[in-house]
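Novice: If you're matching positions, the sequence shown starts at 0 in numbering that gives the first Met the number 0 and goes up one per residue.
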Amino acid sequence: MVYFQKMTPEGYKQIEDEIARLKKDRPRRIKILQAARALGDLSENTEYTEAKRDLGHLQSRLRYLGKQLKYAEIVETKDDGKVDLGKTAVLKFDDDEDTEEYKIVGRMEADLADGKISFDSPLGQAIMKKEAGTTSTVEAPAGEYKVTIVEVK
0 MVYFQKMTPE GYKQIEDEIA RLKKDRPRRI KILQAARALG DLSENTEYTE AKRDLGHLQS
60 RLRYLGKQLK YAEIVETKDD GKVDLGKTAV LKFDDDEDTE EYKIVGRMEA DLADGKISFD
120 SPLGQAIMKK EAGTTSTVEA PAGEYKVTIV EVK
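This is the structure in structure tokens:
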């Protein structure tokens, strides 16, 4: 059975952009490898070893990203007022008076520093498919806490 990764259209586009950038950089890295190979004895040639390793990392990353696109399930947002992939939830944590905004994204797109949380993270699971005004209990590894959905954008 094939498992598809859910992601937003923006996440899919980011992966496409990274693939394009890496493919554009590939010829430069090949030239570096060729220049290092021309230096002579490969057994003691650190430039060659590093260039070969760097090109291998690039190739590996391209394969990985290609598989992410191949097995991506792009989820379009619905305007139903419920928390879902691609939507932004304004949350109020019970132990804090401030509100925080989080965009709900696929597993591969999650970046807490950028305000993006995965739909299958503990917080994401607790608020998915819920409407504004709902208070949910988040069961995180560090313990339980409550969060109230203030607004769904």
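Ideal Cβ positions, reconstructed from N, Cα and C, are used throughout, including at glycine.
Determine the contact status of Val146 and Leu111, defining contact as a CB-CB distance below 8 Å.
Specialist: Against the sequence shown, residue 146 aligns to sequence position 147. Against the sequence shown, residue 111 aligns to sequence position 112. Contact flag unset, no.
Novice: Less than 8 Å between the CB atoms is what I'm expecting for Ala50 and Leu32, so what's the real figure, rounded?
Specialist: Along the sequence shown, read from residue 1 onward, the residue named residue 50 stands at position 51. Along the sequence shown, read from residue 1 onward, the residue named residue 32 stands at position 33. About 4 Å separates the two Cβ atoms, so the contact holds.
Novice: Using a Cβ-Cβ cut-off of 8 Å, state whether Phe3 counts as contacting chain D.
Specialist: Absent from the structure: chain D. Only one protein chain is present.
Novice: Determine whether the beta carbon atoms of Thr136 and Glu143 lie at a separation below 8 Å.
Specialist: Counted from its first residue, the sequence shown places residue 136 at position 137. Counted from its first residue, the sequence shown places residue 143 at position 144. For Thr136 and Glu143, yes; Cβs fall inside 8 Å.
Novice: Among residues of its own chain, excluding the 5 on either side of Glu150, which ones have a beta-carbon nearer than 7 Å to its beta-carbon?
Specialist: For this step, residue 150 is matched to residue 151 along the sequence shown. Excluding sequence neighbours, Glu150 sits near Val89 and Ala131.
Novice: Taking the alpha carbon of Tyr101 as the point to measure from, which residue in Met107, Asp95 and Asp113 has its own alpha carbon closest?
Specialist: The residue labelled residue 101 in the question sits at position 102 within the sequence shown. Minimum Cα distance to Tyr101 is reached at Asp113.
Novice: What would DSSP say about Leu68, mapped onto helix, strand or coil?
Specialist: As a first step, residue 68 must be located in the sequence shown, where it is residue number 69. Helix.
Novice: Going along the chain, which residues of its own chain have a beta-carbon closer than 6 Å to the beta-carbon of Lys81, five neighbours each way excluded?
Specialist: As a first step, residue 81 must be located in the sequence shown, where it is residue number 82. Correct list, in chain order: Lys128 and Glu130.
Novice: Compute the Euclidean distance between the alpha carbons of Ile67 and Lys77, then round it to the nearest angstrom.
Specialist: As a working note, residue 67 is residue 68 in the sequence shown. As a working note, residue 77 is residue 78 in the sequence shown. Contrary to the premise, residue 67 reads as Gln rather than Ile in this sequence. Spanning the two alpha carbons is a distance of roughly 23 Å.
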